[in-house]
Amino acid sequence: MLSGKIYKGIGGFYYVHTPEGDFECKARGIFRNRNEKPLVGDDVEIEEVMDSEKERCGNIVRLMPRRNRMLRPEVANVDQAVMLFSLKDPDPSLPLLDRFLINMDEKGIPVVILFNKLDLMEGDADRMSFVSRVLSIYRQAGYTAIPIHTRSEKYVGDVMKILEGKTSVLSGPSGTGKSSLLNILCPGAGMATGELSRKISRGKNTTRHSELFCLDNDVYILDTPGFTSLAVSDVSADRLMYYYPEFEPYRTKCRYNTCLHIGESLSDCAVKQAVREGRIPEERYRSYRGLYLELRDLKQY
Ligand SMILES: Nc1nc2c(ncn2[C@@H]2O[C@H](COP(=O)(O)OP(=O)(O)OP(=O)(O)O)[C@@H](O)[C@H]2O)c(=O)[nH]1
Ligand SMILES: [Mg+2]
Ligand SMILES: [Zn+2]
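Last residue of the sequence shown? That's 303 in the numbering used here, and every number before it is there in order.
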């Protein structure tokens, strides 16, 4: 019996990383009968199968209890999400970032935000002031937010510090550089990146499967396909404000304790006043307002 971690699942096979190397495994029937499906990220016990044709294959005989699981991508035992947005090409959509943060907060999964492609901003004063702006917005909201680029090894140390001892999911829109980052963190990964795919004219969404890479003892990172939109489905409109931590010092000071910070007058709503005075970033308030109206309308149907 060997203990390991599933790092990839394709076509009914599970690839398991163990101290004795990687094994190609099948899940024994017992899981199917119990309607259990092994997931990438699962800690498992496997039994080696002696097969003259193939080396290093086995059966998954036991699934260890999961700490948590994420849907989209489907993965188990996640310690944190590393959200990779690019500062340019593609331009960051902050409302999309906020939706992601809300979903992770709702699941109790901590997020670190990396803003990639800093090289495209350096040397241009306007672009660099945009960089400072987005960093300060998300730091004020309590997140670790770090600007990086993947054009050199310069930021590898900083990123490794964030990943240390954890299983992280690398998420973000398509084309922000997730696979490029993985390739500099793990030179053996050989993940296809945008440039390659353009040649074979596949366009966007270069990465199709989620794959977990072991960077070091106890350091795992999952490369995932990029997303273009995200639904917020498990949060109700009237609870949305709790997912914007920087509103907190103000929302308790609104005239009515039922204040939703939407249609109330400026003189009654301390959140709106704080936005007016620049103490709450306008971008975040606009994202709150947009999503609030969307969630409220959803409820009516
Ligand atoms: N200028 C610049 N370009 C970058 C950087 N990182 C990645 N790129 C480029 O951005 C494009 C997309 O990179 P990928 O790594 O494929 O992006 P991805 O997030 O994996 O995309 P999907 O797999 O489609 O989700 C490629 O052309 C990369 O070379 C960076 O730091 N600076
Ligand atoms: Mg990719
Ligand atoms: Zn208010």
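Every residue, glycine too, gets a C-beta built ideally from N, C-alpha and C. These figures come from a predicted structure and were not determined experimentally.
Sorting Leu224, Glu248 and Gly196 by C-alpha distance to the C-alpha of Asp91 places Gly196 at the top. Boundaries of the beta strand (DSSP E) around Asn118: Val113 to Asn118. For Ile223, the Cβ stays outside the 8 Å cut-off from all heavy atoms of ligand 1.
Thr209 has its alpha-carbon roughly 27 Å from the corresponding atom of Tyr140. Excluding sequence positions up to five before and after Lys109, its CB lies within less than 8 Å of the CB of Asn70 and Met72, all in the same chain and listed in chain order. Within the same chain, and ignoring the five residues on either side of Tyr222 in sequence, the residues whose Cβ sits closer than 6 Å to its Cβ are Thr169, Leu214 and Cys216. Contact between Asp225 and Leu172 holds, since their C-beta atoms are separated by about 6 Å, short of 8 Å. If you keep only unbroken alpha helix (DSSP H) runs of at least 4 residues inside the region 157–191, you get 158–165 and 180–187. Taking each of Leu165, Arg291, Pro189 and Ile282 in turn and checking the Cα distance to Asp81, the smallest one comes out for Leu165. Taking the Cβ of Lys180 as the reference point, at least one heavy atom of ligand 2 falls within a distance shorter than 8 Å. Assigned with DSSP and collapsed to three states, Lys109 falls in helix. A straight line joining the alpha-carbon of Cys59 with that of Leu4 spans about 12 Å. Excluding the 5 residues flanking it on each side, Tyr287 has same chain C-beta neighbours closer than 7 Å at Val277, in chain order. A residue is called buried once 16 or more other Cβ atoms fall within 10 Å of its Cβ, and Tyr258, having fewer, is exposed. The DSSP-derived three-state label of Ala78 is strand. One thing to note: Gly11 has its Cβ no nearer than 9 Å to the Cβ of Thr20. Annotation for His19 indicates a beta carbon at 8 Å or more from all heavy atoms of ligand 3. Lys274 sits in a helix when the DSSP states are folded into three classes.
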